[in-house]
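Chemist: Numbering (this note's numbering), first residue to last: 16 to 199.
Backbone N, C-alpha and C fix where the C-beta goes; we use that ideal spot for every residue, glycine too.
Source: prediction; values computed, not measured.
Take a look at the following structure, please.
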């Protein structure tokens, strides 16, 4: 990383006032950051680990995160991220750990989550995710026994739930906005 004279175009990308080499940066573990996650993060295509936990990020997860196809660990937990989980997350097929917990994410879990068949840990708890859980989540060969491997507790996810997830593993869900099933 270099600072001071500006980034070398095409070789480095500027993130949070620092320059990172596009080819050589494989891990980012950053703290004490605020604002939004810049879309330029998607230029660091050799990233294997991205840890932006416990910052004060606001706004949406940029869809350019889907360009980071070498990622094995993505940790955006404990921020104030809002909006949807981008469908481009399904491009990250090398992910083994995905932690988006403790944010303010809304809307439905994208069906592309089922593309993440190498996941060992999926944490989406303590958000405001709503709607039905996509059946494609069952494509993930995860150890389906609650925390610390799988946690979707404390959202607004509606039944019916996929067969691969037990009622116990669903945890608490605010279903007050869910449609009542018809009895026809």
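Rank 179, 170, 36 and 99 by C-alpha distance to the C-alpha of residue 190 and give the top, closest one.
Modeler: Looking at the Cα atoms, 170 is the closest of the given residues.
Chemist: Given a cut-off of 8 angstroms on the beta-carbon distance, is the pair residue 168 and residue 132 in contact?
Modeler: No, Cβ-Cβ distance for residue 168 and residue 132 is not below 8 angstroms.
Chemist: Residue range of the alpha helix (DSSP H) that residue 184 falls in?
Modeler: Run containing residue 184: 182-185, per the alpha helix (DSSP H) assignment.
Chemist: Leaving aside the five residues before and after residue 30 along the sequence, list all residues of the same chain whose C-beta is less than 7 angstroms from its C-beta, in chain order.
Modeler: Here the set comprises 53, 55 and 56.
Chemist: Would you mind reading off the limits of the beta strand (DSSP E) that contains residue 146?
Modeler: First-last of the beta strand (DSSP E) with residue 146: 145-147.
Chemist: What residue from 113, 70, 175 and 61 has the CA that sits closest to residue 95's CA?
Modeler: Looking at the Cα atoms, 70 is the closest of the given residues.
Chemist: What separation, rounded to the nearest whole angstrom, lies between the Cα atoms of residue 46 and residue 37?
Modeler: Near 20 angstroms, if we compare the C-alpha coordinates of residue 37 and residue 46.
Chemist: Quick one: residues in its chain with C-beta nearer than 7 angstroms to the C-beta of residue 106, no 5 flanking neighbours on either side, listed in chain order?
Modeler: Around residue 106: 81 and 84.
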